[in-house]
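Engineer:
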Amino acid sequence: MNYRSLVLSAFLLISIGLYPQKKEFEEVLSEYKICNWKDNKQAAVALTFDDWTPGHPAIVVPELQKRDMVATFNIFISTVKDWEPLRKAANLGNEMANHSATHPHLNNDSLYKKEVLEPKEKIEKEVGYPVFTFAYPYGE
Ligand SMILES: [Zn+2]
362 MNYRSLVLSA FLLISIGLYP QKKEFEEVLS EYKICNWKDN KQAAVALTFD DWTPGHPAIV
422 VPELQKRDMV ATFNIFISTV KDWEPLRKAA NLGNEMANHS ATHPHLNNDS LYKKEVLEPK
482 EKIEKEVGYP VFTFAYPYGE
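Each residue of the sequence shown is one higher than the one before, starting from 362 at the first, in the numbering used here.
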């Protein structure tokens, strides 16, 4: 047995020992259910609010909190003068998503850096977690 065969044999023995057999997998899988929504609910609703208007931190966020609910707020950053209410809403579990810098018609690629990338980085810096969602203004 050469060195390569020895290494391959050792790898196979270790692999067989580390991974459960098919029957063990089936037993483990039988303990879990695959479902579409949390707690096997029949449906889900996603609440989204665009533009971070004054009513969002003043009314929407507290009303959601009273109901133990969260939403996605799509922010266009040029209107945000105070980031503290936004951080507070984010800390309650709401998603702060990117909705551009100035809410333009995004009809050409030259706006990507200024209207998509830079606002994403700004929201991430202010809120302190990654931004995954971009809601394009006017559906463009
Ligand atoms: Zn909008």
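Glycine residues also receive a C-beta, built at the ideal position from the N, C-alpha and C atoms.
By a C-beta neighbour count over all protein chains shown, 10 Å radius and 16 as the cutoff for buried, is A407 buried or exposed?
Structural biologist: Working through the sequence shown from its first residue, we reach residue 407 at position 46. That one is exposed.
Engineer: Which residues does DSSP pair with T440 in a beta bridge?
Structural biologist: Numbered from 1 along the sequence shown, position 79 holds the residue referred to as residue 440. Answer is none; T440 lacks a bridge partner.
Engineer: In three-state terms, what does DSSP make of L374?
Structural biologist: Here the question's residue 374 lines up with position 13 in the sequence shown. Because the pLDDT at L374 is just 49, under 50, the model does not fix this residue reliably, and the point stays unresolved.
Engineer: Using only the alpha-carbon positions, how far apart do G500 and V492 sit?
Structural biologist: One-based indexing of the sequence shown puts residue 500 at position 139. One-based indexing of the sequence shown puts residue 492 at position 131. So the alpha carbons of these two residues sit roughly 19 Å apart.
Engineer: Between which residues of its own chain and K483 is the CB-CB distance below 7 Å, once the five residues before and five after are set aside?
Structural biologist: Indexing the sequence shown from 1 puts residue 483 at position 122. So the qualifying residues of the chain are I438.
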